[in-house]
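K.L.:
Quick one: the structure is below, and I'll ask about it shortly.
Here it is, written out as structure tokens:
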């Protein structure tokens, strides 16, 4: 599904949410976790963990530079929390709850929890949630920066679609370049980050007819006309 979204020129923003009304995602099926005992090949397990098509694969290589919004509609536990962290923007129902609950079952986080959570909420807060497995409600998630907004449960999808549509109306070229810059800068030195950002600016040269449209429209006091959505 992620590859299809990435490669679809008509898909500008993705919204993902949980099926039903109670859970965004309760995490990995513990029946599958219990079945690991029967997997006696280390190589088989390694491929399952590291391979792009394995059970941890889709969070390992994330090269989608279109905006992604999570509409968090309920329980968001363990791998569900890790999936939630894939989003650029997270909007939570007032009923949402979050927790690294794999801690209770002695399961190691494998879908990006230890990588992305500290980037989102900071080292100390992330470590407390990772170590204790404590469940937090939507308001605390908002207070610590895990989610961007908390809305009434029955308004979740309406608000999420409203935000997505507002993003769709923007020119998409610079927006995607800036997201790619943020993603690629993680973990690099300041010098490396500024180089990556400058390379992003240089990409404007290849699309300068579209990038200059905004400035010309402003100077001419008219609405911009974005050819090919500004890409």
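Residue numbers (the numbering used here): 442 to 672. Ideal placement from N, C-alpha and C gives every residue a C-beta, glycine not left out.
Evaluate contact between the region 524-536 and the region 567-574, counting only Cβ atoms and requiring at least three cross-stretch pairs below 8 Å.
P.N.:
no
K.L.:
What number of angstroms, rounded off, separates the C-alpha of residue 582 from the C-alpha of residue 457?
P.N.:
18 Å
K.L.:
Alpha carbon to alpha carbon, how far is residue 451 from residue 667?
P.N.:
The straight-line gap from Cα to Cα measures roughly 15 Å.
K.L.:
For the pair the region 501-515 and the region 616-634, tell me if three or more CB-CB distances fall below 8 Å.
P.N.:
yes
K.L.:
Which residue spans inside the region 576-629 form an unbroken alpha helix (DSSP H) run of at least 4?
P.N.:
Correct list: 579-584, 597-609 and 613-626.
K.L.:
Please identify the residue among 443, 590, 586 and 547 whose C-alpha is closest to the C-alpha of residue 524.
P.N.:
443
K.L.:
Helix, strand or coil for residue 556? Go by DSSP, reduced to three states.
P.N.:
helix
K.L.:
Considering only residues of the same chain and omitting the five flanking positions on each side of residue 586, which have a CB-CB separation below 6 Å?
P.N.:
562
K.L.:
Would you grab the beta carbon distance between residue 504 and residue 620 for me? Rounded to a whole angstrom, and I think it's under 8 Å.
P.N.:
The Cβ separation is near 11 Å, so there is no contact.
K.L.:
For residue 664, tell me which candidate among 635, 646, 548 and 610 has the shortest Cα-Cα distance.
P.N.:
Checking every option, the nearest Cα to that of residue 664 belongs to 610.
K.L.:
CB residue 572 to CB residue 540, shorter than 8 Å?
P.N.:
no
K.L.:
Spell out the partners DSSP gives residue 538 in its beta bridges.
P.N.:
According to DSSP, which records beta bridges pairwise, residue 538 is partnered with 516 and 578.
K.L.:
Are there three or more Cβ pairs, one per stretch, closer than 8 Å when the region 453-467 is compared with the region 513-522?
P.N.:
Touching, per the Cβ criterion.
K.L.:
So what does residue 639 bridge to, in DSSP terms?
P.N.:
Note: residue 639 sits in no beta bridge, so no partner.
K.L.:
Within the continuous alpha helix (DSSP H) that includes residue 505, where are the two ends?
P.N.:
First-last for residue 505: undefined, no H or E at that position.
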